[in-house]
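Student: Chains as they are written, first to last, in UniProt numbering: chain U, 1 to 210; chain V, 1 to 210; chain C, 1 to 210; chain B, 1 to 210.
Beta carbons: idealized from backbone N, C-alpha and C, even for Gly.
There are 4 protein chains.
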Amino acid sequence: MNCPIKRWTRRKEARPEEILLAALSLFVEKGYSATKIEDIARVAGVTRGTPYLYFANKEEIFKAVIRELLLPKLPLGGEIVDEWQGSARDLLCQLFTTWWEVMGETQLSALPKLMIGEAGNFPDVLQLYHDEFIVPGNELIRRALAYGVARHEFVVQDMEYALHILSAPIVMAMLWQHSLCRCSPEPLESRRYIAASLDILLNGLLLRKG
Amino acid sequence: MNCPIKRWTRRKEARPEEILLAALSLFVEKGYSATKIEDIARVAGVTRGTPYLYFANKEEIFKAVIRELLLPKLPLGGEIVDEWQGSARDLLCQLFTTWWEVMGETQLSALPKLMIGEAGNFPDVLQLYHDEFIVPGNELIRRALAYGVARHEFVVQDMEYALHILSAPIVMAMLWQHSLCRCSPEPLESRRYIAASLDILLNGLLLRKG
Amino acid sequence: MNCPIKRWTRRKEARPEEILLAALSLFVEKGYSATKIEDIARVAGVTRGTPYLYFANKEEIFKAVIRELLLPKLPLGGEIVDEWQGSARDLLCQLFTTWWEVMGETQLSALPKLMIGEAGNFPDVLQLYHDEFIVPGNELIRRALAYGVARHEFVVQDMEYALHILSAPIVMAMLWQHSLCRCSPEPLESRRYIAASLDILLNGLLLRKG
Amino acid sequence: MNCPIKRWTRRKEARPEEILLAALSLFVEKGYSATKIEDIARVAGVTRGTPYLYFANKEEIFKAVIRELLLPKLPLGGEIVDEWQGSARDLLCQLFTTWWEVMGETQLSALPKLMIGEAGNFPDVLQLYHDEFIVPGNELIRRALAYGVARHEFVVQDMEYALHILSAPIVMAMLWQHSLCRCSPEPLESRRYIAASLDILLNGLLLRKG
DNA sequence: TATGAATGAGTTTTCATTCAT
DNA sequence: GATGAATGAAAACTCATTCAT
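1) Let me confirm a value: B:Asn57 is counted as buried when at least 16 other C-beta atoms fall within 10 Å, else exposed. Which label applies?
2) Inspect the CB distances between the segment 91–110 of chain C and the segment 91–111 of chain B and report whether three or more fall short of 8 Å.
3) Could you tell me whether any Cβ in chain V is nearer than 7 Å to the Cβ of U:Ile194?
4) Measuring CB to CB, does U:Gly77 end up less than 7 Å from U:Leu140?
5) Excluding the 5 residues flanking V:Ala110 on each side, which residues of the same chain have their C-beta closer than 7 Å to its C-beta?
6) Return the first residue and the last residue of the alpha helix (DSSP H) that C:Ala34 is part of.
7) Under 8 Å by Cβ, that's how I've got U:Gly104 and U:Met172 pegged, so tell me the actual separation to the nearest angstrom.
8) Does the beta carbon of C:Ser109 come closer than 7 Å to any beta carbon on chain B?
9) Taking CB distances under 7 Å as the criterion, tell me whether U:Gln177 reaches chain V.
10) Nearest-angstrom Cα distance between C:Asp82 and C:Ile134?
11) For U:Phe154, which three-state DSSP category applies?
12) For B:Val43 and B:Lys73, I'd like the C-alpha separation in whole angstroms.
13) For V:Gln177, verify whether its CB is less than 6 Å away from any heavy atom of the ligand ATP.
14) I'd like the list of long-range same chain contacts for U:Asp124, defined as Cβ closer than 8 Å, with 5 residues on each side in sequence excluded.
15) Give, in chain order, every unbroken run of the alpha helix (DSSP H) that is at least 4 residues long and sits entirely within the segment 23–88 of chain B.
16) Report the three-state DSSP secondary structure of U:Leu188 (helix, strand or coil).
17) Would V:Leu202 and U:Leu206 qualify as a contact pair, given that the criterion is a beta-carbon distance under 7 Å?
18) Whose Cβ in chain C lies nearer than 7 Å to the Cβ of B:Asp39?
19) When you check each C-beta in the segment 147–158 of chain B against every C-beta of chain C, which residues fall closer than 7 Å?
20) Tell me the DSSP secondary structure of U:Leu207 in three-state form.
21) What first and last residue would you give for the alpha helix (DSSP H) that runs through B:Val125?
22) Tell me the residue span of the alpha helix (DSSP H) that contains U:Leu166.
23) Any beta carbon of chain B sitting closer than 7 Å to that of C:Gly104?
24) Verify the CB distance criterion: does B:Lys113 have a CB-CB separation below 7 Å to chain C?
25) Using the Cα positions of U:Pro112 and U:Ser190, report the straight-line distance between them to the nearest angstrom.
26) Please classify V:Thr47 as buried or exposed, where buried requires at least 16 neighbouring CB atoms within 10 angstroms.
27) Return no unless some Cβ of chain C is closer than 7 Å to the Cβ of B:Pro169.
28) From C:Cys93 to C:Glu79, what distance separates their C-alpha atoms?
29) Using only the alpha-carbon positions, how far apart do V:Arg89 and V:Gly148 sit?
30) Give the residues of chain B in contact with C:Gly120, contact being defined as C-beta atoms less than 7 Å apart.
31) Cβ of V:Cys183 less than 7 Å from any chain U Cβ?
32) Does the CB of B:Ile141 have a neighbour CB from chain C at under 7 Å?
33) How many Å lie between B:Val65 and B:Met159 at the Cα?
34) Taking Cβ-Cβ distances shorter than 7 Å, what residues in chain U pair up with V:Asn203?
35) Going by C-alpha to C-alpha distance, which of V:Arg182, V:Leu145 and V:Pro169 sits closest to V:Arg192?
36) How is B:Ala14 classed by DSSP in three states: helix, strand or coil?
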């Protein structure tokens, strides 16, 4: 208002993030390859050349989207596990719910799709995602499982693979939302889906006779 | 030129499948968009124009790969479910194992990746895959679950979503093999992975007391 | 009917002309470049390779259309002029009418369009048309004019250019029918057009008495 | 590379016309279809992609040539007719002469050839030429004729067709220059041709006194 | 810092022509 | 003679990136 100069300064600092947000929303909509730099620029409110002032090339924008928009979400999961006091069952439930709220319900949910679909041609991007997101994310789940085992709540036969199996339903839901859901009339009800996932993963299909 | 092999070979019968196999193996390696028709031709041992004698365009090759190479595998699952006499648990085990042998261990395992990653830009392809593969495939799992429920082996709270949750680990494994596995040193041991999946899905994580 | 062998033989001899007729009708419809050899073959009831048994290449087909279908019409005009006994005015009228009937009303009327539009890239074709059709055709008109001049019916200031000017309306009508008429709702009424042309041209040619 | 001329010259204002002039001169030389975008670019002194900054595609270049280079010439004829005070005979003579100077003697004289020869495959282009050039152009001639009729100089039996017949010789001359003249040794002497045309046409139009 | 005009490599598709059958 | 499968050259158009302003 009374300080237009400052607002300009703020804009300058905000440029890179504006570009990344524009990039993410276009990657979500059309995929990485099909997104033109010019589109990103237009959505970000700048012109063709400006993204190159902040990022060396298109691939660096891809990496920056991961680094700046996705990775900052990881500590949330860390805090939950670090400070948990209750049952392991509830911890898993809380982790999944937070995961969904922070990633599944936002545009970030498109990133797994992008990694699977296009990052194969950009090994550096895939490596970044793997090293900085998948590995630490798996570590969170590992700790939650270990917590449950230590409390004699959980039985885990094969810890290494359990990680992938547990995360599979959530990841699949994110993938689904950005691909095959276009073919199905009814959308995925995410709360119900998470509940069903936890039920099967925790209790299994077999009738418990007891 | 310096190539002693006959260049004018007529192989009308064999050509289409040769082209589709070449296409599949390149799609697996580089994805659909990154695969050039010329590459497909070369791998198939023909020249640029030949694929167009059998397929109208690149997208039709994509569809044909699904139709000719993937869909013929579906009846295998159907027969297993139709004729099953034993426990539902073993049926599910058998289904997963066959699914993995027929699809997971072959190049066809790349198709889910292609659908998720690229078919968004080719709605017809996605629709074909959805209508002719996903829907009938889900139907198989639904029947296996219903069989288990009828025999009082299984408890299924939410049949509709259970389908997706059950198939998620297998699908994820296929996706993994064609994307992130490039970043991990150790490969997926598929038998062990399937066993771990069945264990968790059937028994759940929770310690069964009693 | 009762002599199938003979019919086969006849067909063989007829092949080249069948191909030329097919070619002409496609050239009329879509132009020379846009006409595919395969289309010609299909319309002629043969397959892709057959035209090459009779003609060295596509351009030779073009030339043959002129040579075999157009040039044989020229003698008709020659006979008219040779044997004419009446007025020069009626001779011109007769020439124009015959010209229109033999060429303007048939598919041959597309040839001027083809020459103007596409033969520029095929100098041999253009040369053939010029040497074998334009020049002899002009000669006919020249003789008709000279006949009129000799009878003191016509006054021709500039014989050389008069030839072109006289033929312009008829040629334009043929061109019109194969190009701009697609944009006009009302078609050209050819009889009326010829009458109007002769009226304008003749009343300028006739010696003024009085 | 070895080219000392600056390669990065920005000439936003001048580019479109440079491209259109290059296009016209190549269309004149080789026709529309046979002209490659790359040729146009080279002649215009730019590279492959530049024409696409100003025109959506090749057909739009074709339309722009008509719109930007041909249509601006029409008002010249309009002014002549509007302000005419003298004899109708002289008016027609003036119209024809101007027409020839502005179009016949320039590269624009190739446009009728392009329309007749190739625009059949590009209906929009033909429609544009018809609606914006042929129709208004015919209107000019119609007004000149009406002027002559009103002054009792001309007798016009069939006004509608007279338009086409009158313009035929001029149009034919333009067509000739870009097609068959390549086959004739002697070029068309345009002044002489126009004089001969007017002589034939006018002496037919003039009211006969006597 | 920002602009946006210009660059130029890259790919699908068509089709005249060839030749093994 | 006839077939039709196979060849391979050719061209419009896109878009990431550069750089003069």
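Tutor: The answer reads as follows:
1) exposed
2) no
3) no
4) yes
5) Phe27, Val28 and His178
6) Counting along the chain, C:Ala34 falls outside any alpha helix (DSSP H), and DSSP gives it neither H nor E.
7) That pair is no contact at about 11 Å.
8) no
9) no
10) 18 Å
11) strand
12) 24 Å
13) This structure does not include the ligand ATP; it has no bound ligands of any sort.
14) Glu59 and Lys63
15) 37–44, 51–54, 58–64 and 74–82
16) coil
17) yes
18) The contacting residues do not exist; B:Asp39 stays about 14 Å from chain C at best.
19) Gln157 and Asp158
20) coil
21) Pro123 to Tyr129
22) Met159 to Gln177
23) no
24) yes
25) 17 Å
26) exposed
27) yes
28) 15 Å
29) 7 Å
30) Gly31 and Ser179
31) yes
32) no
33) 31 Å
34) Gly204 and Leu206
35) V:Pro169
36) coil
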